[in-house]
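Residue numbers (my numbering): 92 to 743.
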């Protein structure tokens with residue numbers, strides 16, 4: 092008999108024997124259900140199904156059952172039926188009750204404590220069946236055994252109709268167990284119901300874990316019937332778990348072995364995705380919190396891949412060695428161990444604690460995976476090269492995070508020293524001018540409105556990021572300066588592995604302001620390519636602009652009025668208009684030749700400047716033509732200007 096002792100709150104002030112209350116039998120389960128099923132919300136509600144299903148699966152693991160039928164009824168009840176041996180119905184001498192009654196009414200009663208009945212089982216504590224009974228409005232257990240049909244009925248843990256013989260076992264049903272129950276609304280609330288989708292997930296899992304076991308789901312609520320049956324085992328499970336992700340190779344890898352009575356099976360497949368999916372089971376029970384078997388897999392998996400890579404020359408000295416997380420990227424894996432005496436953390440069995448399980452998994456995975464890699468060098472290379480790319484992206488992201496730690500823009504030590512920041516802390520009104528060279532930067536700093544305009548001068552041409560990877564790009568001083576100044580992070584090429592947060596953008600207008608000559612067009616192209624590849628959301632949200640500085644200043648006669656002209660065609664038209672009048676022309680070879688007043692008046696004053704908002708076509712075009720036209724030094728500059736006209740020459 093099991094007792095639960097409770098101190099009454101009303102008598103806490105006078106703590107004596109009257110303060111002690113004994114909850115007999117299954118009363119403790121109903122009083123504290125979370126201790127046994129983890130809670131009374133949806134997870135705990137569906138845990139009842141898992142407990143009953145696990146008992147049926149144990150019969151299949153023992154080789155005594157080939158089919159399990161689960162039926163969801165319209166009244167909210169659920170039936171789980173197997174064709175195993177049937178729960179014993181004979182009298183237990185010590186209890187003077189039928190075994191089936193004891194199993195469903197007494198905690199820690201079951202057939203999993205002795206080694207004879209089950210070699211491997213998921214139900215271990217003798218608690219599952221009695222807990223389900225205690226927390227159910229009604230439970231009906233039918234046993235088909237020795238040619239007879241037995242039945243016993245319960246309500247909230249108490250027998251309402253003792254075990255009796257219904258009659259001969261029906262034709263085709265010589266043995267097995269059928270359990271029907273409905274969770275108690277007093278415990279779970281009136282609105283809880285079994286969700287067909289959750290039931291399907293568990294049945295599908297079991298069909299993979301016990302290859303060859305037929306599981307039937309009859310959904311009487313939606314008038315559907317499904318059969319889950321698979322012979323591929325954990326390899327099929329890993330492929331199914333990967334969903335629609337494209338695989339790196341066709342056939343899943345299956346690793347199997349046994350160490351000191353611990354049976355190990357691992358199915359895995361690598362995808363081109365980025366998120367690892369790792370599921371683990373112990374004696375068919377899902378260990379959602381992992382445990383020693385998962386730790387053993389991670390260690391052996393990482394060791395096997397890195398050892399093979401060094402031996403095969405896949406890891407060079409200059410490469411960043413992939414971490415365990417890098418190697419797991421895109422992996423879909425299922426780990427299953429069968430162990431005679433598993434130790435779980437709590438009745439919900441979310442975590443496996445047996446150290447021998449970790450040792451067995453580590454040994455089997457390291458040996459079998461090493462063999463597989465040696466026999467399949469092409470696949471080994473695909474797996475490791477993906478991990479190397481993940482390591483490079485991780486390192487690049489780390490550097491990016493270091494660059495863009497956001498603090499007060501006026502006080503941050505992380506901002507580049509060459510940045511002349513604005514006073515405003517409101518990104519919506521702040522502007523960043525990226526200018527070409529220190530000379531232009533000096534004029535821009537002098538001419539700006541420091542309340543809302545920031546200046547970042549770049550020295551020379553930035554790296555061609557179309558050819559360089561993210562890790563290499565972040566080694567470039569000019570690229571690092573832009574990332575730090577903009578403050579939103581940096582994303583991977585073409586948007587992959589993004590570490591970019593537009594909410595951290597420090598300026599809502601980022602303006603490329605380069606000279607109006609071919610070198611300015613070249614730098615503009617490089618910058619557009621950079622933003623397109625690594626800060627694409629800035630373009631998509633309309634935060635990137637191109638400023639158009641004038642190429643000429645025209646003064647007619649002794650007039651103080653100056654006309655600014657933006658290209659040769661505009662100059663020709665202006666000269667035709669003035670005729671024979673004397674004039675003076677100043678050609679600006681670069682922004683640095685303008686004084687602060689001229690630069691403000693022509694290019695930076697919001698009231699008079701010419702800005703073009705960059706769209707995705709502009710930036711994509713820049714990335715496309717750069718390698719085509721500037722990849723070799725023999726390409727004529729004039730051709731570059733002509734091809735670059737979409738964004739180098741603006742209509743004014």
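Idealized CB from N, CA, C, for every residue including glycine. Please read these numbers as outputs of a predicted model, since none were measured by experiment.
Under 8 Å between C-beta atoms of residue i and residue j
| i | j | result |
| --- | --- | --- |
| residue 765 | residue 358 | The structure shown does not extend to residue 765, since the chain spans only 92 to 743, so no value can be given for it. |
| residue 629 | residue 622 | yes |
| residue 682 | residue 556 | no |
| residue 700 | residue 638 | yes |
| residue 746 | residue 507 | The structure shown has nothing for residue 746, since the chain only spans 92 to 743. |
| residue 345 | residue 455 | no |
| residue 174 | residue 158 | yes |
| residue 442 | residue 378 | yes |
| residue 674 | residue 653 | no |
| residue 702 | residue 602 | yes |
| residue 419 | residue 293 | no |
Neighbourhood of residue i by C-beta distance below 8 Å, restricted to the same chain and skipping five residues each side
| i | result |
| --- | --- |
| residue 302 | 321, 322, 323, 324 |
| residue 631 | 707 |
| residue 520 | 543, 599 |
| residue 238 | 259, 260, 265 |
| residue 572 | 507, 509, 510, 547, 549 |
| residue 514 | 501, 541, 542, 543 |
| residue 476 | 405 |
Own chain, CB closer than 6 Å to residue i, minus 5 neighbours either side, in chain order
| i | result |
| --- | --- |
| residue 310 | 163, 287 |
| residue 225 | 117, 120, 121, 248 |
| residue 474 | 361 |
| residue 386 | 449 |
Residue i versus residue j - alpha carbon distance
| i | j | result |
| --- | --- | --- |
| residue 330 | residue 421 | 12 Å |
| residue 610 | residue 399 | 49 Å |
| residue 191 | residue 297 | 25 Å |
| residue 214 | residue 384 | Because residue 214 sits at a pLDDT of 45, beneath the cut-off of 50, its placement in the model cannot be relied upon, and the point is left open. |
| residue 171 | residue 246 | 18 Å |
| residue 391 | residue 528 | 53 Å |
| residue 269 | residue 429 | 26 Å |
| residue 272 | residue 251 | 14 Å |
| residue 150 | residue 300 | 14 Å |
| residue 524 | residue 478 | 38 Å |
| residue 658 | residue 688 | 21 Å |
| residue 209 | residue 256 | Because residue 209 sits at a pLDDT of 48, beneath the cut-off of 50, its placement in the model cannot be relied upon, and the point is left open. |
| residue 462 | residue 636 | 56 Å |
| residue 274 | residue 364 | 40 Å |
| residue 516 | residue 127 | 54 Å |
| residue 705 | residue 656 | 22 Å |
| residue 485 | residue 374 | 36 Å |
| residue 680 | residue 645 | 15 Å |
| residue 669 | residue 676 | 13 Å |
| residue 129 | residue 466 | 45 Å |
| residue 434 | residue 595 | 47 Å |
| residue 367 | residue 533 | 50 Å |
| residue 412 | residue 482 | 7 Å |
Close Cβ partners of residue i (< 7 Å) along its chain, the five nearest in sequence each way excluded
| i | result |
| --- | --- |
| residue 362 | 333, 336, 337, 338, 339, 421, 423 |
| residue 678 | 642, 643 |
| residue 538 | 687, 688, 690, 691, 695 |
| residue 305 | 157, 158, 318, 320 |
| residue 222 | 120, 127, 128, 142 |
| residue 289 | 137 |
Three-way DSSP call (helix, strand, coil) for residue i in this model
| i | result |
| --- | --- |
| residue 446 | helix |
| residue 722 | Reliability of the predicted coordinates at residue 722 is poor, the pLDDT of 49 falling under 50, and the value obtained from them is presented with this limitation in mind. The answer is coil: DSSP assigns residue 722 none of H, G, I, E or B. |
| residue 428 | strand |
| residue 384 | helix |
| residue 509 | coil |
| residue 138 | helix |
| residue 354 | strand |
| residue 433 | coil |
| residue 333 | coil |
| residue 458 | helix |
| residue 236 | strand |
| residue 363 | coil |
| residue 32 | In the structure as shown, the chain starts at 92 and stops at 743, and residue 32 therefore has no counterpart that could be examined. |
| residue 636 | strand |
(message) Extract the residue ranges of the alpha helix (DSSP H) inside the segment 243 to 303, only unbroken runs of 4 or more that lie entirely within it.
(response) 276 to 279, 287 to 300
(request) Tell me the start and end of each unbroken alpha helix (DSSP H) in the segment 532 to 586 that is at least 4 residues and wholly inside, in chain order. (result) 561 to 564, 568 to 577
(request) Please specify which runs of the alpha helix (DSSP H), each continuous and at least 4 residues long, are wholly inside the segment 638 to 709, giving them in chain order. (result) 659 to 669, 687 to 690
(message) Quick check on the DSSP output: what are the complete alpha helix (DSSP H) runs of length 4 or more inside the segment 122 to 171, in order along the chain?
(response) 125 to 128, 133 to 152
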